[in-house]
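>
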Amino acid sequence: MHFANASLVAVTMLALVHPALARDYEVLDRDFVVITSDADGESVATSTDIVPLIAGTCYEWQLKLAKAKLPVSVTELFTLPGAPSDWGSTDTTSLSADGRSITTQLELQPAESWIWHTWCVLEGDPAGPHEIVVMAGERELARFDFTAKSAHLGSTKSKKR
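Counting with mature numbering (1 follows the signal peptide of the UniProt record, and there is no 0), you get residues -22 to -1, 1 to 139 for the letters of the sequence shown.
See below:
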């Protein structure tokens, strides 16, 4: 019993020294979707790598994790081809010097093993290639590359939300 407690203390201290060990999430599935409304006002999530630059259009990355503990701590690194007119902000974000990238610390509650984070297009958002990298500690969980362009969706797969 004494050794088990000593082992537990050692593992706990190791996790504190190496935070990535404490955040060793296994990604089972992933998706990137644009969220629109159908004729009945129902939300429809469309898997795509094209985001239409229409103010109010929302998009999100989604990750399905194995054995995720509540809450899931991740860092989101979001880079645009140019600085937007407005990023918005919270206490958990930091903006790069050139205004093109934002880093956000997120504490996410899984729903049926899925975590996600949503962004919405604002007037003045730049067209072109965008990248979102989701990290747990120093480990990359997923990278989402997509293009923001005028009003049509690229190759898609729709599903009701």
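We treat Cβ as the ideally placed atom computed from N, Cα and C, and that holds for glycine.
Starting from residue 160, trace the beta strand (DSSP E) both ways and give me its first and last residue.
Given that the chain is displayed from residue -22 to residue 139, the structure contains no residue 160 and the question cannot be resolved.
> Can you tell me where the beta strand (DSSP E) with A114 in it begins and where it stops?
G106 to A114
> Any chance you could list the beta strand (DSSP E) runs of at least 3 consecutive residues sitting entirely within the stretch 45 to 82, in chain order?
50 to 57 and 71 to 73
> For T57 versus H108, is the C-beta spacing smaller than 9 Å?
yes
> What would DSSP say about D18, mapped onto helix, strand or coil?
coil
> For R14, which of A44, V5, R117 and E38 has the nearest alpha-carbon?
For the sequence presented, residue 14 should be read as Thr rather than Arg. Looking at the Cα atoms, E38 is the closest of the given residues.
> Give the C-beta separation of Q83 and T70 to the nearest angstrom, bearing in mind that I take them to be a contact with Cβ-Cβ under 8 Å.
4 Å
> Please look up how many angstroms separate the CB atoms of A61 and R78, rounded, as I've assumed it's under 8 Å.
5 Å
> In the DSSP output, what is E4 paired with across the bridge?
A44
> Distance check for L31 and V99, CA to CA, integer angstroms please.
6 Å
> What three-state label does DSSP hand A33 in the structure shown?
The three-state secondary structure of A33, taken from DSSP, is coil.
> Can you tell me whether L100 is helix, strand or coil according to DSSP?
coil
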